[in-house]
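Enquirer:
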Amino acid sequence: MERIRLGMVGGGQGAFIGAVHRIAARLDGQYDLVAGALSSSPERARESGLALGLDEGRIYDDYAAMARREARLKNGIQAVAIVTPNHMHYPVAREFLRRGIHVICDKPLTATLADARRLVKAAEDAQALFILTHNYTAYPMVRQAKSMIEAGDLGSLRLVQVEYVQDWLTEAAEETGSKQAGWRTDPARSGPGGATGDIGTHAFNLAEFVSGLKVESLAADLQSFVPGRRVDDNAHVLMRLEGGARGMLWCSQVAPGNENSLRLRIYGDKGGLEWAQEDPNYLWFTPFGQPKRLLTRNGSGAGPAAQRLSRTPGGHPEGYLEGFANIYSEAAAAIRAHAAGEAPPEDVTYPDVHQGLRGVGFIDACVRSSRRNGGWVTL
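Take 1 as the starting number for the sequence shown in full-length UniProt numbering and just add one per residue.
#1: Strictly by DSSP, which residues pair up with residue 239?
#2: Spatial neighbours of residue 62 within its chain, please: CB distance less than 7 Å, with the 5 preceding and 5 following residues excluded, ordered by chain position.
#3: May I ask you to list the residues that DSSP assigns as paired with residue 163?
#4: Among the candidates 216, 140, 205 and 156, whose CA atom is the shortest distance from the CA of residue 396?
#5: Grab me the residues of residue 200's own chain with a C-beta within less than 8 Å of its C-beta, minus the 5 sequence neighbours each way, in chain order.
#6: Counting Cβ pairs closer than 8 Å, one from the region 128 to 143 and one from the region 213 to 225, do we hit at least three?
#7: Within 10 angstroms of the Cβ of residue 246, are there 16 or more other Cβ atoms? Answer buried if so, exposed if not.
#8: Tell me whether residue 316 is buried or exposed, calling it buried when 16 or more other Cβ atoms sit within 10 Å of its Cβ.
#9: Starting from residue 182 and walking both ways along the alpha helix (DSSP H), at which residues does that stretch end?
#10: If you draw a straight line from the C-alpha of residue 184 to the C-alpha of residue 10, how long is it?
#11: Identify the continuous alpha helix (DSSP H) that holds residue 69 and give its terminal residues.
#12: May I ask which residues mark the beginning and end of the alpha helix (DSSP H) holding residue 385?
#13: Going by DSSP, what residues sit across from residue 32 in a beta bridge?
#14: Check whether the region 262 to 271 and the region 154 to 162 are in contact - that is, three or more C-beta pairs closer than 8 Å.
#15: Leaving aside the five residues before and after residue 296 along the sequence, list all residues of the same chain whose C-beta is less than 7 Å from its C-beta, in chain order.
#16: Count Cβ pairs between the region 114 to 122 and the region 304 to 311 that sit closer than 8 Å; are there 3 or more?
#17: DSSP state of residue 287, grouped into three classes?
#18: If the criterion is Cβ atoms closer than 8 Å, does the pair residue 167 and residue 254 meet it?
#19: Taking the continuous alpha helix (DSSP H) assigned at residue 336, which residues delimit it?
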């Protein structure tokens, strides 16, 4: 198979998530990075592109110019990865979608709910695919959990508990010159949500993806514990889900001792499941009234949904980068099917623009609820 010609907007020198996307795109050998507008600074864009081995003629300092020219080139890009701060997701995606170039975008979908709705319309009108990289949905044991719930192993769902907890913003890192902290705590670039937008959307997406239930309403209590911080750095959220299930979501970036502690627990009337991102190759399953069972990624208990995304033999850890790579591989299968005028294989799954809209709706609802002293609001 010919590799898919990939471009990138954002992700230049000093950017964390751009490097993650490039590794993910390379891991299965399905993409070639051939063009980029890696920075809004012309000098940094050129330096970053040359460091990655890009042809000078395909290093851009303007994403719109890149979209126009690449769409005209005989061997122009077929897909673009967007790894900019949140406020740029909508205008960049729109430029490429309108030219039939597939978009693979980092989360959250956009910085504002209005832009999210506009992007949904742009994606629905486009002759191109939109993929959102909620990478945690592509962990093998997350897919295992989802398949078990769909099979009825937990019975009727009652409780959904999810948390994503970090400590890296316990102090005012945004005042130290940290690029990552700077834009993530700037509402003009991140949107109105801080921790809710950065990691809370991951937790929210994971809860809905695995449970198969949509959150209908929520009550949120948001805090900005660090003096002077303009966005939330901690959130406690109660949730009411379809079918009468109840949920709780906690996200925090000011909890010392936590690095990337993403945990999910789901309970029904027949049993429960527990999964932790920092120990991702294991899924705990407890049928009601029976001993707790440990299911492993490439061993005991794992079914086809987990095995299809597993890369290494049992006992060899895999996780964060591989989850991203799985999203890129699912996207590649969908892009190739689209080019052939066919539907993608039935088991190909990736977060799309509609899941992205729900994520931005979650942020918006949390902010509205917290302003009403934790009152219940609908998404």
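Every residue, glycine too, gets a C-beta built ideally from N, C-alpha and C. Predicted model, so just to flag it, every value in this text is computed and none were measured.
Expert: The relevant details are as follows:
#1: In the sequence shown, residue 239 corresponds to position 239, counting from 1. DSSP output for residue 239 lists 218 and 247 as bridge partner(s).
#2: Working through the sequence shown from its first residue, we reach residue 62 at position 62. Closer than 7 Å at the Cβ level, and outside the excluded window around residue 62, lie 37.
#3: Position 163 of the sequence shown, counting from 1, holds the residue named residue 163. Bridge partners of residue 163: 250 and 263.
#4: The structure shown does not extend to residue 396, since the chain is modelled only from 1 to 379, so the question has no answer here.
#5: Here residue 200 corresponds to residue number 200 of the sequence shown, with the count starting at 1. Answer for residue 200: 164, 193, 235, 237, 249, 251, 362, 363 and 366, listed in chain order.
#6: no
#7: The count along the sequence shown starts at 1 and reaches residue 246 at position 246. Exposed: under 16 other Cβ atoms inside 10 Å.
#8: Numbered from 1 along the sequence shown, position 316 holds the residue referred to as residue 316. It counts as exposed.
#9: Indexing the sequence shown from 1 puts residue 182 at position 182. Run containing residue 182: 179 to 184, per the alpha helix (DSSP H) assignment.
#10: Residue numbering aside, residue 184 sits at position 184 when the sequence shown is read from its first letter. Residue numbering aside, residue 10 sits at position 10 when the sequence shown is read from its first letter. Cα to Cα, the separation comes out at about 15 Å.
#11: Residue numbering aside, residue 69 sits at position 69 when the sequence shown is read from its first letter. Its alpha helix (DSSP H) spans residues 63 to 72.
#12: Outside the shown range of the chain, which is 1 to 379, sits residue 385, and nothing can be said about it.
#13: As a working note, residue 32 is residue 32 in the sequence shown. Partner(s): 5.
#14: yes
#15: The residue you call residue 296 lines up with position 296 of the sequence shown. Excluding residues within five positions, the ones whose Cβ falls inside 7 Å are 281, 282, 302 and 314.
#16: Counting C-beta pairs with one atom in each stretch, the region 114 to 122 and the region 304 to 311 have fewer than three that are closer than 8 Å, which means they do not touch.
#17: Counting from one through the sequence shown, the residue named residue 287 turns up at place 287. Looking at residue 287 - three-state DSSP - the assignment turns out to be strand.
#18: On the sequence shown, position 167 is the one that residue 167 refers to. On the sequence shown, position 254 is the one that residue 254 refers to. Closer than 8 Å, so yes.
#19: Position 336 of the sequence shown, counting from 1, holds the residue named residue 336. 320 to 339 is the span of the alpha helix (DSSP H), which, as asked, contains residue 336.
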